[in-house]
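Input: a single structure, listed below in C-alpha cells.
Protein chains: 2
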Amino acid sequence: MSKVRTRRQSASAAAPQRARLVARRTKPGRPPKNSADPALRERILDVAEAQFSRHGYDAVSTRAVARAVGATPAMIHYYFNSKRELFDAVFARRADVINTERMAALDAYAARAGANVTVEGAIAAFLRPALAKFAEGEGWRNYLTLVAQVGNKHEWGGEVMTRSFDPVIQRLIAIIRKALPGASDVNLYWAYHFLSGALLLTLSETDRIDRLSAGLCRSVDIPSIEPRMVEFAAAGFRRVCGAAPG
Amino acid sequence: MSKVRTRRQSASAAAPQRARLVARRTKPGRPPKNSADPALRERILDVAEAQFSRHGYDAVSTRAVARAVGATPAMIHYYFNSKRELFDAVFARRADVINTERMAALDAYAARAGANVTVEGAIAAFLRPALAKFAEGEGWRNYLTLVAQVGNKHEWGGEVMTRSFDPVIQRLIAIIRKALPGASDVNLYWAYHFLSGALLLTLSETDRIDRLSAGLCRSVDIPSIEPRMVEFAAAGFRRVCGAAPG
DNA sequence: TCAATAATTAATCAGGCGATTGATTAATAC
DNA sequence: GTATTAATCAATCGCCTGATTAATTATTGA
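Chains A and B supply the protein sequences, listed in that same order.
Using the working numbering, the letters of the first sequence correspond one by one to residues 165 to 410.
Using the working numbering, the letters of the second sequence correspond one by one to residues 165 to 410.
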C-alpha cells in the first residue's frame, strides 16, 4: 500500500488552531504494536455497514464513519480510496460467503431430491441461508438490510444486485423448472420477482408489519417468517406457472 | 404567505460578482402576469417528485431542484419552508387521490360481491388503482416509485407509509378475512406483508427483472404484471391462511 | 544499523449544502 | 392613487462534504 502523487503545497499555514474538544487518541505516526486496535480496516467496514444499512448510502458521510470508528477521515482514504469503494468493499465482504452457502444449499437439495424436487424444497433451500444469517447476529442483519435497501435503489443498485446474485437465482429457477414442467420462463421470472420483493421487504427491517399488525407480528421473528414465506411463494409459483393447485 | 424574521445583516458586501453563465430569466421582482410560467409551485413539485424518485431523498439537493425548474433556491424556501417539507408536499399531493380511489374500489368490490367475496377479487381491487396509475403516465410512475423507495427506507420511511396507507390496508385485510373464514390475524398480516413486498419491488422500477430475464420480462409491462401478481398473492394467501388449496 | 515501508494525524482544498435576508417589482385592495 | 401583499432574484451565512497532502512515528527487512 503506497501512494505517490505530486501537487503543490499551499505554504500559507498561519494559525495552528489547536483546542481539540474530544480527546484524540494518539499523536501522528504509526502506533506501537501493543496499542490495541488491530484490524482497524475491519472495524471501518463494520461501522460503515451499520451506518449504510441504517441511513442509506447518501446520508452517511465518510467523516461520520471515521468519527464513529475513532479515526481520522484520512484513514478511510488510506484503506479504501473513496466513499464508493468503501461501499463496494462493505458489499463484497459478505457476498461471497452467502452466495457460496446458497449455491451449496441448492445443489444439496437438488442432489437429495433427485427427480422428486418440489417448489417448496427449492424455495426453502434458497431462503434458509439468508434468513439464518439474518437471525444470526447484528453484522449479518445489517448487511442483509443493506442488500435489501440497495435492491430497491435506482442508480447503480440494479447492477450491484445483478452482478452479485444472479447466478444463484438462475440456479433456483432451474430447479423449480424441474418441479413445474411446462412452466414458461416468463412466468417463472415473474414469480421469482414477487418472491424477491417479499424477501427484500422482510429483510429491510422497516418496522412496517409491526406497526400495521399493532405488534402482533414482529419483523425480526425469523422462525415465524420462514415457513410462511416458503408456503406463500410456493403456492404463488404453482398458480402463476399453471400447475394444478395442490 | 408572509415571512417575518429578524437577524443581522453582514454589511461586508464587497465584490458584486456578476458574470452569470447561464442566462437567468428575469430581474428581481414579481413577474408580469403574461410572462408565462404559471403555477411554478406545481412545477417545483413535479421536478422534485422526479428527482426524489430517481435518486432518493438524500441525493437530491434543493438547489438541483431549483436549477432544473429554472428558479432560485429562495423560491423553494418561499413555497415550502424546508427540504423536508418539500418532500412531504410531494408525498401528500397524490396520496389522497390514490387512497380515495383504492378505498372506493375495495368498497365497490365488497358491495358487488356480497357474501361471495374471493381473495382474488379483493386483491385485484386493491392493486388495480395503483397499477393503473403507474401505467398512466410519468407523474404517477415517479410518485409510485418514490413510495416504493420510501417503503424500504428506515428513518422516517415507516411512519410516512403507516400514516398514509394503513387504513386502506386494513380494509383489504377485513375483506380477505371474510373470504377466508378461520384465518388468523397473524397469518393474514404476514401474507399481506409478502404481497406488499412484491408490489413495492415491482413499482420501484429498478430494471432488476429485465436484466435477470435477459429482456424476457419488462418491469413496466403492467398488463403482464397485474394478473400474475393477483394470482400469485391470492394463492399465497390461501395457503398461508390455511384454506384448502384451489 | 539503516533504508524502506506501513500506519497514523493535522491541516487543508475546493466545492456543495440548506437556509435566510433584503431589495425589487408587479398585482391587488382600499 | 396609494398601501399592502405576492412573487421574484442576488447574495450570503455557516457548516459539511469527499478528497488529498505533508509530516510523523513505528515496524520490518537487508
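All residues carry an ideal CB built from backbone N, CA and C; glycine is no exception.
- The contact set of R218 (chain A) on chain B, defined by CB atoms closer than 7 Å, consists of H318 in chain order.
- When CB distances to chain B are screened at a threshold of 7 Å, not a single residue of the region 227–250 of chain A falls below it.
- For Q313 (chain B), the chain A residues whose C-beta falls within less than 7 Å of its own C-beta are N316, listed in chain order.
- In the displayed model, F251 (chain B) falls within a helix according to three-state DSSP.
- Between the alpha carbons of R205 (chain A) and V233 (chain A) lies a distance of about 10 Å.
- The C-beta of F329 (chain B) comes no closer than 7 Å to any C-beta of chain A.
- For D330 (chain B), the uninterrupted alpha helix (DSSP H) segment begins and ends at G321 to A343.
- According to the DSSP assignment, R392 (chain A) belongs to the alpha helix (DSSP H) that extends over I386 to V404.
- Of B:N263, B:V281 and B:L367, the smallest CA-CA separation from E302 (chain B) is found for B:L367.
- Interface residue (Cβ-Cβ distance to chain B less than 7 Å): Y353 (chain A) is classified as such.
- Per DSSP, reduced to three states, the secondary structure at D371 (chain B) is coil, with no helix or strand assignment.
- Check the Cα spacing between C381 (chain A) and each of B:S388, B:E369 and B:A355: the tightest is with B:A355.
- Between the region 320–338 of chain B and the region 253–273 of chain B, the count of Cβ pairs shorter than 8 Å is three or higher; the stretches touch.
- For the 7 Å CB-CB criterion, V281 (chain A) and I339 (chain A) form a contact.
- When C-alpha distances from R194 (chain A) are compared across A:S225, A:G220 and A:M239, the shortest belongs to A:M239.
- In the DSSP annotation of this structure, L380 (chain A) is not part of any alpha helix (DSSP H), being labelled neither H nor E.
- With respect to G321 (chain B), V314 (chain B) sits close: the two C-beta atoms are nearer than 7 Å.
- For N245 (chain B), the secondary structure class from DSSP, reduced to helix, strand or coil, is coil.
- Membership of A228 (chain A) in the alpha helix (DSSP H) is indicated by the continuous run T226 to V233.
- Nearest neighbour of D271 (chain A) by Cα position, chosen from A:W304, A:V350 and A:I287, turns out to be A:I287.
- Taken atom to atom, the span from the alpha-carbon of S246 (chain A) to that of S348 (chain A) is near 44 Å.
- At a cut-off of 7 Å between beta carbons, C381 (chain A) contacts chain B.
- Around the CB of S217 (chain B), 16 or more other CB atoms lie within 10 Å, so the residue is classed as buried.
- Ranked by Cα distance from P293 (chain A), the first of A:K197, A:N198 and A:I386 is A:I386.
- E323 (chain B) is classed as exposed because its beta carbon has fewer than 16 other beta carbons within 10 Å across all chains shown.
- For S377 (chain A), the nearest beta carbon of chain B is closer than 7 Å to its own beta carbon.
- Following the DSSP letters along the chain, one finds Y307 (chain B) inside the alpha helix (DSSP H) bounded by residues E302 to G315.
- Taking 7 Å as the cut-off, the Cβ atoms of T236 (chain B) and A230 (chain B) count as close.
- A347 (chain A) sits in coil when the DSSP states are folded into three classes, being neither helix nor strand.
- At a cut-off of 7 Å between beta-carbon atoms, F255 (chain B) makes no contact with chain A.
- With contacts defined by Cβ atoms closer than 7 Å, E213 (chain B) and N316 (chain B) do not form a contacting pair.
- Going by C-alpha positions, K197 (chain A) is about 21 Å away from L209 (chain A).
- Taking every protein chain shown into account, the CB of S225 (chain A) has fewer than 16 other CB atoms within 10 angstroms, so this residue is exposed.
- About 13 Å separates the Cβ atoms of V394 (chain B) and A343 (chain B), ruling out a contact at the 8 Å cut-off.
- Relative to the Cα of G220 (chain A), the nearest Cα in the group A:R266, A:M267, A:D371 and A:F251 belongs to A:F251.
- For the C-beta of D349 (chain B), the chain A residues within less than 8 Å are, from N- to C-terminus, S377 and L380.
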